[in-house]
Amino acid sequence: MNNRVVIRSLVTGEGCLVAMDDGAIVWRPTHGTRSQFKMDAIATVLLAVKGPTQAYDIAAIGDASGGVTLLSLPRLEVIEKFAVEGGIVRSITAVSNSFGKYIAATQNGSVWVLGTEVPNRVIKLFHHSGPITSLRLVDDLIIIQSGWNRRTYDWTGETTNDFDGTHQFEVKATNRANRRARILESQQRKKEQSQPLMLDLPSLA
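Numbered by numbering that gives the first Met the number 0, the letters in the sequence shown go through residues 0 to 204 in order.
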């Protein structure tokens, strides 16, 4: 028990939600008694969701087998379980205008909407070309982060904006290299200027 390792954690003003490497989920409240739940697979992403009272009352947990489990806070009792295809669940976000609806993204780039009010409980929205690092909702747009790249989709999977961060990174890397070269050149000039002038004097016998 003491050899367990924390692999994910989420801190709120009401407590800390912790995922262990043995599949355990632990809620450590600021005040009160801690709760624990054992997942069927290792947790890969944690999300705490506020309820009508503006207190965190749901934890949405994605796992390594493509599962999404909704647990109550603070008791960590199972509310719902969902399963999506595409491997490890990498990111989850709640749909703000709908109670109990979530968007989940997986390792292979699949994006899903899930919830009890969703037909068949789970629907694949679209496929992103590459592993997904994170996602978020802004109004009716789904913003996908994949490494240095960011792409914005609507709910039909149409791309509305595409940002290639690798180009900006390469420009910054080049600028940093140029600055380092100028600094080294300046240091070399100062070093040469600080050396004493050696006169070629004739030797006296």
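Don't be surprised by glycine CBs; every beta carbon is placed ideally from N, CA and C.
Residue i versus the options, residue with shortest Cα-Cα distance
i, options, result
"residue 98", "18, 151, 43 and 56", "56"
"residue 122", "29, 16, 103 and 5", "103"
"residue 147", "129, 137 and 156", "129"
"residue 89", "186, 35, 75 and 107", "107"
"residue 30", "12, 91 and 65", "12"
"residue 42", "20, 54, 85 and 32", "20"
"residue 49", "85, 71 and 33", "71"
Cut-off 7 Å between Cβ atoms - residues of its own chain near residue i, not counting five sequence neighbours on either side
i, result
"residue 37", "22 and 23"
"residue 153", "139, 140 and 159"
"residue 69", "57, 59, 78 and 79"
"residue 28", "13, 14 and 73"
Residue i, DSSP secondary structure in three states
i, result
"residue 160", "strand"
"residue 35", "strand"
"residue 87", "coil"
"residue 148", "strand"
"residue 105", "strand"
Bridge partners - residue i, DSSP secondary structure assignment
i, result
"residue 22", "Per DSSP, none; premise fails for residue 22."
"residue 100", "114"
"residue 206", "It is not possible to answer for residue 206, since the shown part of the chain is limited to 0 through 204."
"residue 181", "Paired residue(s): none; residue 181 is not in a bridge."
Beta-carbon proximity list for residue i, same chain, < 8 Å, skipping 5 on both sides
i, result
"residue 120", "81, 113 and 114"
"residue 117", "100"
Residue i - containing beta strand (DSSP E), residue span
i, result
"residue 125", "121-126"
"residue 79", "77-82"
"residue 72", "Per DSSP, residue 72 belongs to no beta strand (DSSP E) and is neither H nor E."
"residue 139", "Run containing residue 139: none; DSSP gives neither H nor E here."
"residue 11", "5-11"
Cβ shell of residue i (< 6 Å), same chain only, five flanking positions each side left out
i, result
"residue 143", "127, 131, 134 and 150"
"residue 7", "18, 42 and 45"
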